[in-house]
Each structure stands twice: as structure tokens, then as C-alpha cells.
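Protein chains in written order, with the numbering used here: chain Y, 423 to 535; chain P, 3 to 115.
Here the structure comes first, spelled out in C-alpha cells, and everything after it is commentary.
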Amino acid sequence: NAGVTQTPKFQVLKTGQSMTLQCAQDMNHNSMYWYRQDPGMGLRLIYYSASEGTTDKGEVPNGYNVSRLNKREFSLRLESAAPSQTSVYFCASSEMGRAGELFFGEGSRLTVL
Amino acid sequence: GENVEQHPSTLSVQEGDSAVIKCTYSDSASNYFPWYKQELGKRPQLIIDIRSNVGEKKDQRIAVTLNKTAKHFSLHITETQPEDSAVYFCAASLRVGRRALTFGSGTRLQVQP
């Protein structure tokens, strides 16, 4: 099993460009999440999807959109990238009913110039 | 929403010593408190968790304690080894019945051989 797979692993954008981070999991988990990690600030929740067909805002949703394409896939889109969105992005998944037991992808390092 | 504070931000110990990391949370409805370990350049991974109906939990050299009245919980690592060097994150569930975690800002633990 691959677990949680994110693409791309690295990306450099110019201010104003758009891009989509892809995430897929093969563990049949119901819930999926996007976090961003910045030095000294831990992991902050951007959006999550408790189950297929639902999405909810997290702590820092501004500037992002998400799509729960199906049970396996949860994408994160930056419509107009800003330097403040330079970060490492982690996708994660969990079984419904197993609160907090997150399985993370390897992360995507995004730099916005 | 939930707010989780974590201290210290960095911790250096000698091999064989104990390490303690402390977290406080704000939402009295939080009922799940996991700890994640993130080695350099890798994804966070769950190492231990505790639920609100339990005061202490141990797993070999690591233990977690919870004081619900004071709204704080701690990670204890005994007989530290160089491979314990990593960033450790505490977290709390956002609300009862929800699946999204709020993370602390992280503690970088360095174990000196």
C-alpha cells in the first residue's frame, strides 16, 4: 500500500499564478485533510473533508479552495498564489471514528516568488 | 476554536536523560490528545495518544499524562536515545464528534550522545 500520496513534491510559482496540489489515499479512509507547516507555527489546518461530499474550513482557509473528487482524492487549489503561501503542505487521512489518528503524505514544498 | 500551546520550543538533553514536553489546550470539550513525531524532512507520525477518560498512558519509554481540570497534557520520554531527536507536536481534537486536530507549535528535541 502506498498510503497517502501527494503531488508534486516541490513547486516554485510566481505571485499570481495558480496551481493544484493533488492527494490520494488507498486506505479506504473517509476523512481527508490539508495542513500547512511553517517554522515555529506547527501544523495549521487549511480545509478538511469529514466524508465524501463534504468539506469544511479549517484555521487558515483564505486563498485556498478544495475539492473532494471521490473517496480517494482530495485536492487543494491556490487560485492566485502569494508569497505568504510559501510553505510545506501536508495531506492526511483518517478513518471516521478514529479521531486524530492521521496518516500523512510526504509533503509538498511550495515556494512563491 | 481550540488553541493549543506547547513548551518548550527547543529542548536539548544528554543521552539517557529524560525529556518532558508540555501542552495546554483551551476547549474543555476536546477529548482526544495525540502526540506526533516528525524526523527531519519526513512526515509526522503518531507515537502515542490519550483520551479524556484516562489520566496516563505508557508505551515503553514514552508516556503521556493528562490533567483535564487544568487543561494540560505532557509527553515524557525516558532513557533518551539519539534516534529520539526530532520535532514533537501535541494536538487536541477540535470538538467532540469532529475529526480535525489542532496542533501545538512543536518542540525540537535534540539528544546529545
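A virtual CB, placed ideally from N, CA and C, is assigned to each residue, including glycine.
Just so it is clear, the structure is predicted and the values come from calculations on it, not from any experiment.
With distances taken between CA atoms, E4 (chain P) lies nearest to Y:L467 out of Y:Q433, Y:L467, Y:Y455, Y:Q447.
Straight-line measurement puts the Cα of D19 (chain P) at about 31 Å from the Cα of S95 (chain P). Separation of the CB atoms of Q459 (chain Y) and Q444 (chain Y) is rounded to 18 Å, and the pair is thereby denied contact status at 8 Å. Per DSSP, the unbroken beta strand (DSSP E) holding L498 (chain Y) starts and ends at 496-500. Going by DSSP, L77 (chain P) is part of the beta strand (DSSP E) stretching over 74-79.
Listed in chain order, the positions of the segment 71-91 of chain P with a beta carbon within less than 7 Å of a beta carbon of chain Y are F91.
Of all residues in the segment 447-463 of chain Y, the ones placed with a Cβ closer than 7 Å to any Cβ belonging to chain P are S453, Y455, G462, M463, in chain order. What E523 (chain Y) touches in chain P, judged by beta-carbon distance under 8 Å, is P36, L48, D51, going in chain order. The beta carbons of S11 (chain P) and G462 (chain Y) sit about 7 Å from each other, so the pair counts as a contact at 8 Å.
Bridge partners of K436 (chain Y) according to DSSP: none are assigned. Between T477 (chain Y) and the set Y:F496, Y:P430, Y:G485, the nearest pair of CA atoms involves Y:F496.
At a cut-off of 9 Å between C-beta atoms, Y470 (chain Y) counts as an interface residue with respect to chain P.
R100, R101, A102, L103, T104, F105, G106, S107, G108: these are the residues of the segment 99-114 of chain P whose beta carbon lies less than 8 Å from some beta carbon of chain Y, given in chain order. No Cβ-Cβ contact shorter than 9 Å links Y34 (chain P) with L48 (chain P). Distance check between N487 (chain Y) and each of Y:M449, Y:S502, Y:F432, Y:S473 places Y:S502 closest, using alpha-carbon atoms only.
When secondary structure is reduced to three states using DSSP, E58 (chain P) falls in the strand class. The beta carbon of G529 (chain Y) is closer than 6 Å to those of V510, F512 in its chain, skipping five residues each way along the sequence. In summary, D86 (chain P) is buried, with 16 or more beta-carbon neighbours lying within 10 Å of its beta-carbon over all protein chains present. Spatial neighbours of T67 (chain P) in its own chain (CB-CB distance under 6 Å, excluding positions within 5 residues in sequence) are listed in chain order as E58, S76.
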